[in-house]
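Position 126 (the sequence shown) corresponds to 699 in the numbering used here; numbering is contiguous.
Don't be surprised by glycine CBs; every beta carbon is placed ideally from N, CA and C.
Keep in mind the model is a prediction, meaning the values are calculated, not measured.
Take a look at the structure set out below.
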Amino acid sequence: MIFSSDNWAGASAPVSEALTRHASGLVPAYGNDPLTDAVTRRFSQIFERDVAVFFVATGTAANALALSAYARPGGVIFSHQSAHIQVDECGAPEYFTGGGKLRGLPGANGKIDPADLIRLMGEHPDGNPMHGQVSAVSISQATECGTVYRPDEIRALAEAAHARGIPLHMDGARFANAVAFLGLSPAEVTWKAGVDVLSFGATKNGCWCAEAVIFFNPDSALQFAYLRKRAGHLFSKSRFAAAQFEGYLADGHWLANAGHANAMARRLAQGLEAAGNRLAWPVEANEVFPVLSRATIARLRAAGALFYEWPADGVDPDQSAVRLVASFATDPADVDRFVAVAAG
Ligand SMILES: Cc1ncc(COP(=O)(O)O)c(C=O)c1O
574 MIFSSDNWAG ASAPVSEALT RHASGLVPAY GNDPLTDAVT RRFSQIFERD VAVFFVATGT
634 AANALALSAY ARPGGVIFSH QSAHIQVDEC GAPEYFTGGG KLRGLPGANG KIDPADLIRL
694 MGEHPDGNPM HGQVSAVSIS QATECGTVYR PDEIRALAEA AHARGIPLHM DGARFANAVA
754 FLGLSPAEVT WKAGVDVLSF GATKNGCWCA EAVIFFNPDS ALQFAYLRKR AGHLFSKSRF
814 AAAQFEGYLA DGHWLANAGH ANAMARRLAQ GLEAAGNRLA WPVEANEVFP VLSRATIARL
874 RAAGALFYEW PADGVDPDQS AVRLVASFAT DPADVDRFVA VAAG
């Protein structure tokens, strides 16, 4: 009953097999190998346009480097206050952007409201060095609350960002889960809705260590090779990052993995709700945030369940919200056992 995080799961079989398949032989280093080329073309196919693709090792690197591509002196980056870039990246976005300031917005269900965004960006008018200059808006898809932005919500935020001449960045650590939930094409939920740059996460959903920064307008990426190398994220054996993506993206495997994780989260949510537990946020991707009594939490822990307590509003002192994350490797029997123990 391990629901601590989706990155506790290992690599899925097609990914491991791809790594093994490409393990022997000599090919050029530093991304000049045919497989890196082929995977880049595959990304362009998946997104239905030519994209610039850069592999990096972690989601934090993807986010911080993507934002650094748009850095300005005194730059200000806007995101939800619970965003991973705000609370879980140890200042990497600030560091990589040369001192960029992060401003967090409140917002129901982990999402930013366009009116709030416009108001907050208004505190940083162009031409006033006292307040710095707007440099990017970042959203997480799926959000840190396990919810998913709809294309019209993304479009409204993109329009607000573009009206100020800045890009919309998407932290897609759980992009596959969001796409699987929406049932739309990757293009529809990114560039067609106004996203300029995407941190395409794959580690949580079946890869061993594979993340990519994807620029929908390759002209925006002209300096990025230097930013990535300077940050130490140019893999010399790039073929192994590429191999993981080859296995991950083949035959819809990435969406099948995400579909399973999402289904396991729904099953957890339905079971817990049926037993009378409230959920802090709607379950749309692969995360569930039930509000449980402390006695229930103790009973679950005693039965061996692993999960984290999580901050949420409106929780009584004798209760806590917890975060349960399902993955491609989640066993339905574990879900059912968790629900049964929670029910007492
Ligand atoms: C929303 C979100 N973004 C980005 C990341 C990437 O983090 P890491 O640097 O651990 O790969 C995570 C991982 O927990 C995440 O949940």
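Residue from the options whose Cα sits closest to the Cα of residue i
i      : options                        : result
Leu879 : Cys718, Ala915, Arg747         : Ala915
Val768 : Gly774, Ala760, Glu784         : Ala760
Thr609 : Ala842, Leu845, Leu807, Asp904 : Leu807
Leu592 : Phe813, Ala906, Arg839         : Phe813
Ile575 : Ala834, Cys782, Ala868         : Ala834
Glu717 : His697, Phe627, Gly745         : Gly745
His697 : Lys684, Val629, Lys674         : Lys674
Arg803 : Arg615, Gly632, Phe669         : Phe669
Ser708 : Gly648, Ala715, Arg723, Ser655 : Gly648
Glu590 : Arg874, Ile650, Gly695, Gly779 : Gly779
Gln817 : Pro905, Thr613, Pro601         : Thr613
Pro905 : Pro890, Ala838, Val856         : Ala838
Phe901 : Gln714, Lys810, Val721, Asn750 : Asn750
Thr763 : Tyr799, Leu897, Arg723         : Arg723
Gly719 : Pro890, Ala885, Ala913, Gly917 : Ala885
Ser893 : Ala876, Leu852, Val626, Val752 : Leu852
Phe773 : Lys765, Arg594, Glu784         : Glu784
Ala537 : Ala831, Lys777, Val600         : Absent from the model: residue 537. The displayed extent of the chain is 574 to 917, so no value can be given.
Thr633 : Ala836, Arg692, Ala665, Val895 : Ala665
Glu662 : Asn636, Lys684, Gly680         : Asn636
Ala876 : Glu726, Gly917, Arg737         : Gly917
Glu726 : Asp686, Gly705, Gly805         : Asp686
Asp699 : Ser585, His742, Ile712, Arg645 : Arg645
Ala871 : Ala858, Val895, Gly887         : Val895
Ile712 : Ser655, Arg622, Gly695         : Ser655
His826 : Ala731, Val624, Ile619, Ala596 : Ile619
Val888 : Asn682, Ala899, His595, Leu865 : Leu865
Ala729 : Val770, Gly756, Lys684         : Lys684
Leu800 : Gly583, His653, Phe627, Ala611 : Phe627
Val898 : Asp891, Phe911, Asn859, Arg867 : Asn859
Boundaries (first-last residue) of the alpha helix (DSSP H) holding residue i
i      : result
Lys802 : 797-803
Leu599 : It is not in any alpha helix (DSSP H) - Leu599 carries neither H nor E in the DSSP assignment.
Leu690 : 687-694
Leu592 : 586-594
Phe669 : 665-669
Burial state of residue i (16 or more Cβ within 10 Å)
i      : result
Met703 : exposed
Ser577 : exposed
Trp976 : Any property of residue 976 remains undetermined from this structure, which presents the chain solely from 574 to 917.
Asp909 : exposed
Tyr881 : exposed
Gly849 : exposed
Gly844 : buried
Arg840 : buried
Asn605 : exposed
Asn701 : exposed
Leu873 : buried
Trp747 : Strictly speaking, residue 747 in this sequence is Arg, with Trp absent from that position. By the 10 Å Cβ count, Arg747 comes out buried.
Ala775 : buried
Arg692 : exposed
Leu599 : exposed
Pro587 : buried
Pro740 : buried
Leu795 : exposed
Ser758 : exposed
Pro863 : buried
Gly671 : exposed
Tyr821 : buried
Host beta strand (DSSP E) of residue i (start-end)
i      : result
Ile575 : Per DSSP, Ile575 belongs to no beta strand (DSSP E) and is neither H nor E.
Phe628 : 625-629
Ser772 : 770-774
Glu784 : 784-788
Lys674 : 674-678
Residue i beta carbon near ligand 3 (any heavy atom closer than 7 Å)
i      : result
Val864 : Ligand 3 is not part of the structure shown, which contains ligand 1 as its ligands.
### Query
Which full runs of the beta strand (DSSP E) of 3+ residues lie inside the stretch 707-748, going along the chain?
741-745
#### Entry: By C-beta, the residues closer than 5 Å to any heavy atom of ligand 1, given in chain order
Thr631, Gly632, Thr633, His657, Ser713, Asp744, Ala746
### Task
Please specify which runs of the alpha helix (DSSP H), each continuous and at least 4 residues long, are wholly inside the stretch 810-837, giving them in chain order.
811-822
### Task
Please go through the stretch 616-660 and give each complete beta strand (DSSP E) segment of 3 or more residues, from N-terminal end onward.
625-629, 648-653
### Query
Along the chain, which unbroken stretches of the beta strand (DSSP E) at least 3 residues long are found entirely within the stretch 867-908?
881-883, 892-898
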